[in-house]
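**Q**
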Amino acid sequence: MRYIKVKWKHDFEDEPIWLYSELDDARFETRKVEIFNNGECGFDDGKESKLNTRLGIVSVPELIEIAQDAEFVPYDITKEEFEVLWINRFHRQDLLTRVEMPG
Numbered sequence: 000m001r002y003i004k005v006k007w008k009h010d011f012e013d014e015p016i017w018l019y020s021e022l023d024d025a026r027f028e029t030r031k032v033e034i035f036n037n038g039e040c041g042f043d044d045g046k047e048s049k050l051n052t053r054l055g056i057v058s059v060p061e062l063i064e065i066a067q068d069a070e071f072v073p074y075d076i077t078k079e080e081f082e083v084l085w086i087n088r089f090h091r092q093d094l095l096t097r098v099e100m101p102g
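Residue numbers (numbering that gives the first Met the number 0): 0 to 102.
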């Protein structure tokens with residue numbers, strides 16, 4: 000498994016600003032967490048989802064390819080960082096503060 004986060008720089012109120020993904024060996028999402036500017040959190044694990052968050056239907060490009068679009072700032076992250084977000088996905092007051100930290 001690989002774990003990534005992507006900062007999406009935009010002004011759309013109804014779209015997430017942070018995208019966290021757990022990827023399998025073929026780079027398909029197995030779990031996803033999306034954080035919105037207001038602190039709301041969407042997620043999907045293929046069984047349960049919230050806020051219209053859905054797993055992608057195509058494989059996720061490599062970070063270097065994602066970074067070619069100036070709207071996106073991608074990062075590799077650890078499994079532990081992803082798990083903290085996954086475990087806390089129902090506690091919106093914490094999430095935006097956690098993800099805005101450098102890293």
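C-beta atoms are modelled at their ideal positions from N, C-alpha and C, and glycine is treated no differently. Everything numeric in this text was worked out from a predicted model, so none of it was measured.
Taking C-alpha atoms, which residue in E47, G41, V59 and L18 lies nearest to H90?
**A** Numbered from 1 along the sequence shown, position 91 holds the residue referred to as residue 90. Answer by Cα proximity: G41.
**Q** Report, in whole angstroms, the separation of the C-beta atoms of E39 and L22, which I expect to be a contact under 8 Å.
**A** By 1-based counting over the sequence shown, the position of residue 39 is 40. By 1-based counting over the sequence shown, the position of residue 22 is 23. That belief does not hold up - the Cβ atoms of E39 and L22 are roughly 23 Å apart, past 8 Å.
**Q** Which of helix, strand or coil does DSSP assign to V106?
**A** Lying before the first or after the last residue shown, residue 106 is absent from the chain, which here runs from 0 to 102.
**Q** For D44 and P60, what's the separation of their Cα atoms in angstroms?
**A** Mapped onto the sequence shown, residue 44 falls at position 45. Mapped onto the sequence shown, residue 60 falls at position 61. Distance between the alpha carbons of D44 and P60: 19 Å.
**Q** Just reading off the alpha helix (DSSP H) that K78 is part of, what are its end residues?
**A** As a first step, residue 78 is located in the sequence shown; it is residue number 79 there, counting from the start. Looking at the DSSP string, the run of the alpha helix (DSSP H) that includes K78 is K78 to I86.
**Q** List the residues that DSSP assigns as beta-bridge partners of I3.
**A** Within the sequence shown, numbered from 1, the residue matching residue 3 stands at position 4. S20 and D75, per the DSSP bridge assignment.
**Q** D43 lies in the beta strand (DSSP E); which residues open and close that run?
**A** Position 44 of the sequence shown, counted from the first residue, corresponds to residue 43. Run containing D43: C40 to D43, per the beta strand (DSSP E) assignment.
**Q** Would the beta-carbon of I3 fall within 8 Å of that of W17?
**A** Mapped onto the sequence shown, residue 3 falls at position 4. Mapped onto the sequence shown, residue 17 falls at position 18. Contact: no.
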